[in-house]
Amino acid sequence: MILFALAAAVLTPDGWGTLRIGMTRRAVVRALGAPHGGGVTGPEPARCEEFHPRRAPAGLIVMIEDGRLTRIAATRPGLATAAGVAVGDPAARVRRAYPRGLRRAAHTYADPPAADLTWWRDKRRGIHYEVGENGRIASIRVGEAAIRYVEGCL
């Protein structure tokens with residue numbers, strides 16, 4: 001039953017499956033397990049960390065800032081948004097899914113057609129699509145302002 005629920009989960013500005021933006025690190029670990037394969041931290045590990053929870057699908061990474069879940073990232077095909085956009089899809093699918101309010105910016109490190117496409121549901125939460133040089137979605141990040149961080153925890 002739990003595996004079916006996780007398989008059907010979609011990424012939204014509010015989270016993914018049982019993971020809700022704003023929940024504590026402890027609640028994240030209780031929901032999907034401790035970090036699997038280590039995590040990544042910035043210069044202040046107590047302030048920010050990213051990790052793959054043990055029972056989460058491959059390619060799902062959470063960001064915890066000051067003890068709270070602020071971002072969920074999808075880096076592999078198979079995880080999709082409520083609009084039906086998934087890693088590996090062409091960027092045109094994002095533009096069709098969000099005909100209004102989609103913001104486009106140049107990619108920080110790659111040449112066009114690479115780009116950053118961001119849609120804000122409100123002033124606090126949104127979805128960020130990173131488009132690779134092949135014109136396809138390379139990653140999806142949902143949550144709060146942390147979706148705009150280029151290099152994760154700094």
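Per the UniProt record's numbering, the very first residue in the sequence shown carries number 1; after that it's consecutive. Note that beta-carbon positions come from the ideal geometry of N, C-alpha and C, so glycine has one too.
Nonlocal neighbours in the same chain, by C-beta distance under 7 Å from residue i, ignoring five residues either side
i           : result
residue 126 : 13, 118, 119, 120, 147
residue 76  : 58, 59, 87
residue 36  : 52, 53, 54
Beta-bridge partners of residue i, as assigned by DSSP
i           : result
residue 74  : 60, 140
residue 89  : Partner(s): none; residue 89 has no beta bridge.
residue 127 : 119, 142
residue 19  : 16
residue 35  : 53
residue 106 : 115
residue 47  : Paired residue(s): none; residue 47 is not in a bridge.
residue 68  : 24, 65
residue 80  : 86
residue 11  : 16, 81
For residue j and residue i, believed in contact at Cβ under 8 Å, the rounded distance
i           : j           : result
residue 149 : residue 137 : Not a contact, Cβ separation roughly 18 Å.
residue 69  : residue 140 : The Cβ separation is near 16 Å, so there is no contact.
residue 28  : residue 64  : 7 Å
Residue i versus residue j - alpha carbon distance
i           : j           : result
residue 34  : residue 153 : 18 Å
residue 62  : residue 107 : 22 Å
residue 4   : residue 72  : Any reading at residue 4 is ruled out, since the residue's pLDDT is 37, under 50, leaving its predicted position unreliable.
residue 51  : residue 135 : 27 Å
residue 160 : residue 113 : Past the edges of the chain, shown from 1 to 154, lies residue 160, and the structure says nothing about it.
residue 144 : residue 122 : 10 Å
residue 30  : residue 9   : 17 Å
residue 74  : residue 97  : 18 Å
residue 47  : residue 82  : 30 Å
residue 131 : residue 66  : 29 Å
residue 100 : residue 91  : 15 Å
residue 151 : residue 11  : 20 Å
residue 155 : residue 124 : With the chain running from 1 to 154 in the structure shown, residue 155 is simply not present.
heavy atom of the ligand MG below 7 Å from residue i C-beta
i           : result
residue 141 : By its list of ligands, the structure shown contains no ligand whatsoever, and the ligand MG lies outside what it can speak to.
Same chain, Cβ closer than 6 Å to residue i, five either side skipped, listed in chain order
i           : result
residue 32  : 53, 55, 56
residue 110 : 133
residue 23  : 69
residue 104 : 115, 117
residue 25  : 64, 67
Sequence-distant residues of the same chain with beta carbon closer than 8 Å to residue i, five excluded per side
i          : result
residue 45 : none
residue 85 : 93, 94, 97, 129, 137, 140
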